[in-house]
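Sequential numbering of the sequence shown, starting at 1, is according to the UniProt record's numbering.
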Amino acid sequence: MVNTNKIINSKIIKTNNVFDDILLPLNKRNGFAKSNPPIVPIYFYRYIGITKNQDEYYNNLYKLDKNLSDLNNLYLKFISNIPFNTDYELIKKTANLWDNLNPFNDKKKIFLFSSIKLVKALPLFPNELTQTSINEGFNYIFNLYIKNTKNINATKIKNFTLKILTWINKFIPNLFENVDYNKNETNGIFNPKVIYYGNIKNHEIYFLIFLSKIGCDVLYINSYSDGAFLEIDKENTYSNIIELNAKSPLKDFPKREVISRTETIAFKASNEIEEIIYDEESGLYKPWQFENYNVEPVTLKTTYDELKILWNEEARMRTGFKIENGTIYIPNIFAKISGVTEDINIYWKDLSYFKLTGANLFISNLPFTEINYSKHDLYRLSYLINNDGYLNEDSLIKSEFYKFSYLKTSLQKTIIKKINDIFELPLFKKEVNKEFKLKILMTILNIDKNLIELLQSFDYPFKIPKLIIYSKNENSFSDEDSIIITFLNLIGFDILIITPTGYNNIENQIPRKYYDIHKFEKINLNLELVDLDNINKKKFSFLSKFFKI
Numbered sequence: 001m002v003n004t005n006k007i008i009n010s011k012i013i014k015t016n017n018v019f020d021d022i023l024l025p026l027n028k029r030n031g032f033a034k035s036n037p038p039i040v041p042i043y044f045y046r047y048i049g050i051t052k053n054q055d056e057y058y059n060n061l062y063k064l065d066k067n068l069s070d071l072n073n074l075y076l077k078f079i080s081n082i083p084f085n086t087d088y089e090l091i092k093k094t095a096n097l098w099d100n101l102n103p104f105n106d107k108k109k110i111f112l113f114s115s116i117k118l119v120k121a122l123p124l125f126p127n128e129l130t131q132t133s134i135n136e137g138f139n140y141i142f143n144l145y146i147k148n149t150k151n152i153n154a155t156k157i158k159n160f161t162l163k164i165l166t167w168i169n170k171f172i173p174n175l176f177e178n179v180d181y182n183k184n185e186t187n188g189i190f191n192p193k194v195i196y197y198g199n200i201k202n203h204e205i206y207f208l209i210f211l212s213k214i215g216c217d218v219l220y221i222n223s224y225s226d227g228a229f230l231e232i233d234k235e236n237t238y239s240n241i242i243e244l245n246a247k248s249p250l251k252d253f254p255k256r257e258v259i260s261r262t263e264t265i266a267f268k269a270s271n272e273i274e275e276i277i278y279d280e281e282s283g284l285y286k287p288w289q290f291e292n293y294n295v296e297p298v299t300l301k302t303t304y305d306e307l308k309i310l311w312n313e314e315a316r317m318r319t320g321f322k323i324e325n326g327t328i329y330i331p332n333i334f335a336k337i338s339g340v341t342e343d344i345n346i347y348w349k350d351l352s353y354f355k356l357t358g359a360n361l362f363i364s365n366l367p368f369t370e371i372n373y374s375k376h377d378l379y380r381l382s383y384l385i386n387n388d389g390y391l392n393e394d395s396l397i398k399s400e401f402y403k404f405s406y407l408k409t410s411l412q413k414t415i416i417k418k419i420n421d422i423f424e425l426p427l428f429k430k431e432v433n434k435e436f437k438l439k440i441l442m443t444i445l446n447i448d449k450n451l452i453e454l455l456q457s458f459d460y461p462f463k464i465p466k467l468i469i470y471s472k473n474e475n476s477f478s479d480e481d482s483i484i485i486t487f488l489n490l491i492g493f494d495i496l497i498i499t500p501t502g503y504n505n506i507e508n509q510i511p512r513k514y515y516d517i518h519k520f521e522k523i524n525l526n527l528e529l530v531d532l533d534n535i536n537k538k539k540f541s542f543l544s545k546f547f548k549i
């Protein structure tokens with residue numbers, strides 16, 4: 001029978017600032033009492049996620065580690081695992097304890113506990129309080145393990161017990177060498193501190209719970225996930241959690257402080273207000289709020305009259321616009337106007353409207369992509385495509401062919417992603433084999449500077465860049481033209497192809513399902529383009545656009 005008067009009474013408490021408060025001595029914490037047994041208020045927190053300012057996050061970890069290191073033997077730090085070395089003396093002591101444990105029951109559990117004490121498998125301490133607390137702490141996590149483990153058997157019990165006993169023997173004697181909760185200390189009474197940084201396994205979590213039960217402060221830190229804790233402590237019974245807004249893959253524990261900029265109070269307040277006002281679902285967006293988001297087109301299926309109404313609308317005002325899970329969906333237009341209207345004046349007025357209300361680039365000659373290369377030039381790019389058929393991003397960025405390093409990083413990532421999308425998706429009528437992939441890569445790497453400038457200026461929720469192509473004769477799109485059109489469509493551009501002849505052009509390159517075709521009453525095989533800038537100076541009203549008046 002355990003003497004409960006001789007066990008550390010460990011109580012988990014909460015705080016709003018664990019990095020500061022974990023440094024506080026016990027005699028400055030609420031709830032601490034020198035008594036028999038002492039009441040020890042401890043912190044056990046899972047600190048999950050990362051702050052917006054990552055440099056500041058890692059600097060805080062570095063400073064905490066440095067401050068705790070001043071406690072010498074009272075501080076333990078584990079990085080991604082708790083070292084486990086076979087303790088042959090312990091194995092020898094416990095060699096006869098594992099027979100006849102199956103099936104495991106309460107009687108055998110009591111026998112195992114008694115035998116562990118009898119063979120002195122737990123370390124011995126001159127301080128009775130420490131000794132009984134460690135014995136009872138081990139009993140506690142053993143019972144917890146049995147309760148949580150399905151299909152318990154002798155092998156599982158042996159593995160768990162030997163691992164926990166090994167860790168207790170290795171770390172606890174040194175950690176508790178100078179611990180005395182009832183001593184008179186003017187400089188403060190400190191309890192042991194333990195930090196675990198990185199991914200963690202089940203047995204290691206049980207050891208952290210054990211440490212908390214014997215009066216240690218425990219801080220588990222992971223910038224991405226608390227993983228196995230969700231299985232063992234999903235109700236936050238044994239620990240508290242601080243979950244930060246962002247997640248980030250684990251990096252090495254910081255070895256030095258980095259230069260970091262400190263936010264002023266006004267700057268923080270401004271950011272907090274912006275986060276409330278410029279919410280993803282609010283419809284109010286600040287400039288470049290989503291430049292680091294993935295962008296996907298939601299190409300609209302419309303009537304011709306709807307096309308005219310939507311043509312000058314911002315992305316956020318169109319049906320289908322949404323932002324979720326780090327992706328912004330752009331409702332864009334990809335359409336062909338085939339033939340001409342009965343009244344040619346209406347035709348020219350409509351074309352003038354399309355051009356003057358936002359067309360960033362108007363092309364009137366096919367093919368329009370000016371690029372010259374040989375097969376040898378193509379095959380020089382071969383090493384940039386890996387065995388899986390995708391871009392080797394690192395090799396591309398370092399290559400002599402890469403000309404986009406001056407663009408903002410988010411756009412560079414988007415360009416590379418869209419090239420891979422074009423490699424993978426069935427966007428062309430022809431087979432996308434290795435040679436055609438090289439042609440795709442060559443074409444996009446040499447994209448016209450005017451288009452690059454449109455990409456750099458595209459703030460996704462707002463005005464959508466527009467490309468109009470006027471095809472007046474039998475000339476069709478080249479492979480390179482179709483690649484550029486597909487690339488721009490995937491980024492969310494509005495694309496309008498005008499073909500008064502009614503000839504096939506885009507139909508020869510890109511499957512029909514990706515765009516609308518609006519057919520007019522007549523065709524005209526010799527229609528020269530007029531000066532669209534001067535056809536009609538007046539602005540079209542809503543009714544004039546809808547009813548063609």
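The C-beta atom is built at its ideal place from N, Cα and C for all residues, glycine as well.
In this structure, the CA atom of Glu313 is about 14 angstroms from the CA atom of Lys355. With contacts defined as CB atoms closer than 8 angstroms, Ser338 and Phe520 qualify as a contacting pair. In the structure shown, the three-state DSSP call for Tyr470 is strand. Within a 10 Å sphere around the beta-carbon of Ala121 sit 16 or more other beta-carbons, which makes this residue buried.
Bounds of any alpha helix (DSSP H) do not take in Ala95, whose DSSP letter is neither H nor E. Of the candidates Asp106, Asn127, Asn151, Ser115, Asp106 places its Cα closest to the Cα of Asn143. Distances from the CA of Phe401 to each of Ser382, Leu411, Ser476 were compared; the closest alpha carbon is that of Ser382. Within the model, the alpha-carbon separation for Tyr47 versus Val218 is close to 11 angstroms. In this structure, the beta-carbon distance from Ile12 to Ile42 falls below 8 angstroms. In summary, Ile328 is buried, with 16 or more beta-carbon neighbours lying within 10 Å of its beta-carbon over all protein chains present.
Between the alpha carbons of Lys163 and Ile415 lies a distance of about 50 angstroms.
Leaving aside the five residues that flank Arg29 on each side, the residues in its chain whose CB is nearer than 6 angstroms to its CB run, in chain order, Pro41.
In this structure, Leu441 lies near Ile419, with their beta-carbon atoms less than 8 angstroms apart.
Separation of the CB atoms of Ile506 and Lys336 is rounded to 6 angstroms, and the pair is thereby assigned contact status at 8 angstroms.
Per DSSP, the unbroken beta strand (DSSP E) holding Tyr45 starts and ends at 44-48.
Within the same chain, Ile371 come within 7 angstroms of Asn446 by CB-CB distance, once the 5 residues on both sides are set aside. Within the DSSP bridge table, the entry for Glu324 names Thr327 as partners. When beta bridges are read from the DSSP output, Asn292 appears opposite no residue.
For Phe84, the number of other beta carbons within 10 angstroms of its own is below 16, and it is reported as exposed.
DSSP places Glu243 within a strand segment (E or B) once states are collapsed to three. Secondary structure of Leu529 (DSSP, three-state): coil. Straight through space, the alpha carbons of Phe334 and Thr319 are spaced by roughly 15 angstroms. Taken in chain order, the whole alpha helix (DSSP H) runs of length 4 or more contained in the region 145-217 are 154-175, 202-213.
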